[in-house]
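Be aware that the sequence shown starts at 61, since it is given in the working numbering, and climbs by one per residue.
We put the CB at the ideal spot given by N, CA and C, even for glycine.
Worksheet for the structure shown next.
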Amino acid sequence: MIKTNVIRAPSSKEHSEASASPCRRVIACVDGSEPNQRIIPHALAVATALDAPLTLLRVVEPPPADSLPQDPVEWEIRRREALDDLDRLAQRHGAGGGRIEAEIVDGQPAEQIAFWARDQQVDLIVLSTRGEHRTGKWSLGSTARSLAELECGSLLFVPPSMAEGPVPSYRRLLVPLDGSCRAESVLPRVTRLAQAHDAEILLAHAVPVPELTEIGPLEAEDLALRERLVRRNELVGQRYLNRIRGRLADNGVTVRGVVLRGGDIRSGLVDLAIREHVDLIVLAAHGCTGRPDVPYGSVTGYMMTHSPVPLLVVRPRSALSAGDAAAMDKPAKVRMPGRAAL
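This is the structure we're talking about:
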């Protein structure tokens, strides 16, 4: 069962929700594959909306440790060709006036992307959900999975099924909310995206059916109790969405609230995104649970691999956790081209 409400407020009144901290830099992680380049229009669309420069970043991987050393001249030619390709992409996609730069780094992809993001104070990393050699509908590529585990800032996951084309216009943004401050932390960024694209914000709050201890069939009074709890939670959820809608509508954006009842929350959000023709899903890495021992919650983890549209996972600016930073600050065991093993 779905309940919806729509509200539109005049754009003349400004609200503190719009005063999100500025986004300093966005990077799009591009490898040599054609499907991977489809992330660039989405990276440019978000970077433009957030008024942030965009950098196309490509990691040139060293040869395997058990292979013969690569000739230094061949290595430099390989790097130069990669940079030339990246420059051409930057010029093609930046023809419309977007600020796009190109950078090449050497090493292991996830590690070097995280290093570069930390050193350059990157706020958002854009990447494909699958790498150059990855197959399967719902799988995450190794680089995307590693960056999700490293907690190196916010991530925009773009499914490879998204067609390449001009800079997309996001017409409808889906924002799952569970009533926690963590989940609501995405709202300033969502507001800026909605204002830039003249998009509708679709707020979603899921009301699961309460579980009752069952030893044998449930009695009629048990079923009535469960139904009363569901109706109570729906009412509270709708009031909650009404409050959020009022705050966001003060910024001149169209906001609608949806209360989902029953079933699996995660698959319900996927179905809602398809049914409502959502262009972008925005959610926090953690909601009400906020477990410090995992980089993201179960709903976010599920959406990373199952979202049918681009998924923006908003996380704090802190580049790396202390443990990750300490491990990555150790000298990397990389055999440089032209060096023979001793």
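By the Cβ test, the stretch 162-182 is not in contact with the stretch 331-345, since fewer than three Cβ pairs between them sit closer than 8 Å. Contact check for L283 against L263 fails: the beta carbons are separated by 7 Å or more. An exposed status is given to V133, since fewer than 16 other beta-carbon atoms sit within 10 Å of its beta-carbon. For S214, the secondary structure class from DSSP, reduced to helix, strand or coil, is strand. Around the Cβ of I275, a 10 Å sphere holds fewer than 16 other Cβ atoms; the residue is exposed. Secondary structure note for V290: it is in no beta strand (DSSP E), and the uninterrupted alpha helix (DSSP H) holding it is A280 to A309. Fewer than three pairs of CB atoms, one per stretch, sit closer than 8 Å, so the stretch 299-309 makes no contact with the stretch 226-234. In the three-state scheme derived from DSSP, where H, G and I count as helix and E and B as strand, I137 is classed as helix. Cβ-Cβ distances below 6 Å link V315 to I67, I261, R305, L308 and A309 in the same chain, with the five nearest sequence neighbours on each side left out; the list follows chain order. With fewer than 16 other beta carbons inside 10 angstroms of its own, H337 counts as exposed.
A254 places its beta carbon 7 Å or farther from that of V318.
Looking only at P277, A266 and S206, the smallest Cα-Cα distance to V290 is reached by A266. With respect to the 7 Å criterion, N96 and S240 are not classified as neighbours on the basis of their beta carbons. Restricting attention to V120, L110, A112 and R242, the CA atom closest to the CA of G347 is found in R242.
The residues T115, in chain order, have a CB closer than 6 Å to that of E161 in the same chain once the five nearest residues on each side in sequence are set aside.
In the structure shown, the three-state DSSP call for H265 is strand.
Using a C-beta cut-off of 8 Å, the stretch 205-224 makes contact with the stretch 364-374, since at least three inter-stretch Cβ pairs fall below that distance.
In this structure V106 is buried. Its beta-carbon is surrounded by 16 or more other beta-carbon atoms within 10 angstroms. When the five nearest sequence neighbours on each side are left out, the beta carbons in the same chain lying within less than 6 Å of the beta carbon of R231 are those of A259 and D339, in order along the chain.
Secondary structure note for R178: its alpha helix (DSSP H) is the uninterrupted segment P169 to D179. Non-local beta-carbon contacts of T203 in its own chain, meaning distances under 8 Å to residues more than five positions away in sequence, involve C89, P169, A170, I173, L187 and G191 in chain order. In the DSSP assignment, the residues bridged to S188 are V218.
Taking a contact as a CB-CB distance under 8 Å, the pair V120 and R148 does not count as one, their CB atoms being some 16 Å apart. Taken atom to atom, the span from the alpha-carbon of L285 to that of M363 is near 32 Å. Excluding residues up to 5 positions away in sequence, V267 lie with their Cβ nearer than 6 Å to the Cβ of N293 in the same chain.
Checking the DSSP bridge columns, you'll see A345 has no partner listed.
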